[in-house]
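If you read the sequence shown in the working numbering, its first letter stands for residue -14, the second for the next number, and so on. Where is the CB? At the ideal position from N, CA and C, for every residue including glycine. Just so it is clear, the structure is predicted and the values come from calculations on it, not from any experiment.
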Amino acid sequence: MLRIRAFDERASKMVKRGHIPGTVHTSIGQEAQVVGATMALRDGDYMTGNHRSHGHPIGKGSPLGPLMAELVGKATGVCKGKGGSLHLADFSVGSLGESGIVGSSIPIAMGAALSASVRGSDQVALAFFGDGAANQGVLYESMNLSGVWKLPVVFLCENNQYALSTPAHTVTSGVIAERAAGFGMPGVRVEEGQDVLAVHAAVSEAAALARSGGGPSLVEVVTYRYNEHSEGLRLGTDYRPADEREAWLKKDPILLFREHLEGIGVSPADLDALEAEVLQEVDDAVAFTDASPFPDPSVAFDDLYTDTEYAA
-14 MLRIRAFDER ASKMVKRGHI PGTVHTSIGQ EAQVVGATMA LRDGDYMTGN
36 HRSHGHPIGK GSPLGPLMAE LVGKATGVCK GKGGSLHLAD FSVGSLGESG
86 IVGSSIPIAM GAALSASVRG SDQVALAFFG DGAANQGVLY ESMNLSGVWK
136 LPVVFLCENN QYALSTPAHT VTSGVIAERA AGFGMPGVRV EEGQDVLAVH
186 AAVSEAAALA RSGGGPSLVE VVTYRYNEHS EGLRLGTDYR PADEREAWLK
236 KDPILLFREH LEGIGVSPAD LDALEAEVLQ EVDDAVAFTD ASPFPDPSVA
286 FDDLYTDTEY AA
């Protein structure tokens, strides 16, 4: 969680200074949901994300240097500088890609689960999506077919309660997790989505079910993003009540877990040292990025198609 927080805070600053083109969507405030879920996966498992997905590959073990380089568009990035913030993918850790098109990565996770099923492996696919994507038809098409074929996929709704500036309760009928029943799969809502252990327990159970041949599950995690929808975006009205944000700031997932660790005997000095170590990792990632070249224009059309050759 510290890595994700530090990485996103630095990325936010770099956008505002013009070092990262466009904008970024940070997971600041949502780290428990990201880490609780990704730590429930095995190394060989798959996942897909959305526009707010720097943290997902970090949670799965992706190195910070190539991730930061990708945000800046450097050739040493995880996508050779062609993906940027919105389209990160790191196949080395099972991150199959993210997208700014709401809900579009969900069927990719389903396809990965189908691949695992056909190959007879015990791999699981995890599809991250937000409360906005929870109202997209592609989610229910994917849930339906996954249920029919008993695919090893976990659908995880990161319910941070706002789709850009639209409150979820104004466009969403009922409880998202309860929609699972219509597809014959388990659905669970993690109310304490700022508790990394609670999220981990829920996703671990869903992943175990999928891995054992029990089919898909839907997990809804209630969380909150602390920053604006995207860095630098300034809306004309304040759509989030001040007291609401203040209440959620008191449930900072990193502070909550620090309290837990200190309660079971981990020393504050050790935790401070860990935080300093993570900040140094981010500094190193920025240095790696600064020292990396931009891709040569000649490679612009590379990697569009496979180089597969078929025998006559």
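Residue environment analysis places Arg104 among the exposed positions, since fewer than 16 neighbouring C-beta atoms fall within 10 angstroms of its C-beta. In the structure shown, Arg174 falls within a strand segment according to DSSP collapsed to helix, strand and coil.
Boundaries of the beta strand (DSSP E) around Leu141: 138 to 144. For Leu130, the uninterrupted alpha helix (DSSP H) run begins and ends at 122 to 134, by DSSP.
With a cutoff of 8 Å on beta-carbon distance, Gly79 and Phe279 are scored as not near each other. Residue pairing from DSSP leaves Met(-14) without any beta-bridge partner. For the options Asp107, Arg(-5), Ile86, the alpha carbon positioned closest to that of Leu124 is the one of Ile86. In this structure Asn212 is in contact with Ile13, their Cβ atoms being roughly 5 Å apart against a cut-off of 8 Å. DSSP, reduced to helix, strand and coil, places Met24 outside both helices and strands of the structure shown, so it counts as coil. Under the DSSP assignment, Glu260 falls in the alpha helix (DSSP H) whose first and last residues are 253 to 276. For Glu190, there is no enclosing beta strand (DSSP E); the enclosing alpha helix (DSSP H) covers residues 181 to 196.
Annotation for Ser202: the continuous beta strand (DSSP E) segment containing it runs 202 to 207.
In the DSSP annotation of this structure, the continuous segment of the alpha helix (DSSP H) that includes Gly44 starts and ends at 40 to 44. Of the residues assessed, Asp30 falls on the buried side of the cut-off, its CB having 16 or more other CB atoms within 10 angstroms. C-alpha of Ala17 to C-alpha of Phe286: approximately 38 Å in a straight line. In its chain, beyond the 5 residues on either side, Glu16, Ala17, Val20, Val181, Pro238, Ile239, Phe242 have a beta carbon closer than 7 Å to the beta carbon of Met(-14). Within the DSSP secondary-structure output, Asp75 pairs in a beta bridge with Ser80.
In terms of Cβ geometry, Ser131 and Met95 form a close pair [threshold 8 Å].
Around the beta carbon of Leu149, fewer than 16 other beta carbons lie within 10 angstroms, which makes this residue exposed.
In the three-state DSSP reduction, Ala94 falls in the helix class (H, G or I).
Pairing Leu99 with Ala232, the inter-Cα distance amounts to about 41 Å. In this model, Glu229 and Gly172 are separated by some 27 Å (Cα to Cα). CA-CA distance, Gly159 to Asp268, rounds to 44 Å. Taking 8 Å as the cut-off, the beta carbon of Glu83 is found closer than this to the beta carbon of Thr33.
Following the DSSP letters along the chain, one finds Ala112 inside the beta strand (DSSP E) bounded by residues 110 to 115. Linking Glu(-6) to Leu264 through their CA atoms gives a straight-line distance of about 10 Å. In the DSSP annotation of this structure, Thr293 is not part of any beta strand (DSSP E), being labelled neither H nor E.
Distance from the Cα of Phe76 is smallest, within the candidate group Ser47, Ser70, Ser102, Gly66, for Ser47.
Check the Cα spacing between Ser89 and each of Lys67, Ala101, Ala112, Val139: the tightest is with Ala112. Straight-line measurement puts the Cα of Leu81 at about 20 Å from the Cα of Thr293.
At least 8 Å separates the beta-carbon of Ala195 from that of Ser189. CA-CA distance, Val206 to Glu177, rounds to 8 Å.
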